[in-house]
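Using this note's numbering, the first residue of the sequence shown is number 1, and each one after it goes up by one.
Cβ atoms here follow ideal geometry from the backbone N, Cα and C, with glycine treated the same way.
Small disclaimer: the values here were computed from a predicted structure and weren't measured.
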Amino acid sequence: MKRVALMAAVAVLAGGVAGCGPINQMSRPDPAAGRLLDQGTGADRFMVLNCVYHGWSELSPNVDSTSYARQGADRVRVYRGQNAEGKAIYNPYVDIMQGGYGARVQYFEIPGSHLSRDYEATVKHCMVPYSGSSD
1 MKRVALMAAV
11 AVLAGGVAGC
21 GPINQMSRPD
31 PAAGRLLDQG
41 TGADRFMVLN
51 CVYHGWSELS
61 PNVDSTSYAR
71 QGADRVRVYR
81 GQNAEGKAIY
91 NPYVDIMQGG
101 YGARVQYFEI
111 PGSHLSRDYE
121 ATVKHCMVPY
131 SGSSD
């Protein structure tokens, strides 16, 4: 019964984001990816998610997202999409989850990959609660 409730929660989380890919509990990013950011914010997690998704869509044409559960927490991962072979590009990627009264954000990229700093800058920008927000 716990598993059914968890799957329902993940499905609800995935349903709230335009462009979400399928629910994927076995998401396997590149193990070489290093965490550059692990921070909480008072910003609403869905606002952060939508902001990152749309911001990265300006930087990469195939941005996608997937929902999954890890260590008892529902997360949404935003990543650069798929390559020509249909494999997910997890460089960079960001995990967004509920964190207290806002969101917890973890940003990863493969060291030495020379990505545009705009990916990380977008994540940091999206963590700022919107002015006038009651969140």
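So is residue i buried or exposed if we call it buried at 16+ other beta carbons inside 10 Å?
i	result
Glu85	exposed
Val63	buried
Ser113	exposed
Arg117	exposed
Pro92	buried
Asp95	buried
Val76	buried
Per DSSP, which one or two residues make a beta bridge with residue i?
i	result
Val63	Val63 pairs with nothing; no bridge assigned.
Thr41	Ala103
Within its chain, find whatever has a CB closer than 7 Å to the CB of residue i; leave out the 5 residues flanking it on each side and keep chain order.
i	result
Gly100	Gly40
Whose C-beta lies closer than 6 Å to the C-beta of residue i among residues of the same chain, with five residues either side of it excluded?
i	result
Val10	Residue confidence for Val10 is low, a pLDDT of 37 falling below 50, so the modelled location carries little weight and cannot support an answer.
Met126	A small correction: the amino acid at residue 126 is Cys; Met does not occupy that position in the sequence shown. Closer than 6 Å at the Cβ level, and outside the excluded window around Cys126, lie Val48, Cys51 and Val52.
Gly102	Thr41, Gly42 and Ala43
Arg104	Gly40 and Met97
Leu37	Tyr107
Tyr130	none
In three-state terms, what does DSSP make of residue i?
i	result
Val128	coil
Leu49	helix
Gly34	strand
With a threshold of 8 Å on Cβ separation, who are the neighbours of residue i within its own chain once the five nearest residues in sequence on each side are excluded?
i	result
Gln82	Asn62, Asp64, Ala88 and Ile89
Arg35	Gln106, Tyr107 and Phe108
Leu115	Asn91, Pro92 and Glu109
Lys124	Leu37
Contact criterion: CB-CB distance below 8 Å. Does residue i meet it with respect to chain C?
i	result
Ala73	Here there is only one protein chain, and chain C is not present.
Check: Where in the stretch 68-112 do unbroken runs of the alpha helix (DSSP H), each at least 4 residues long, occur, reported from the N-terminal end onward?
Finding: none
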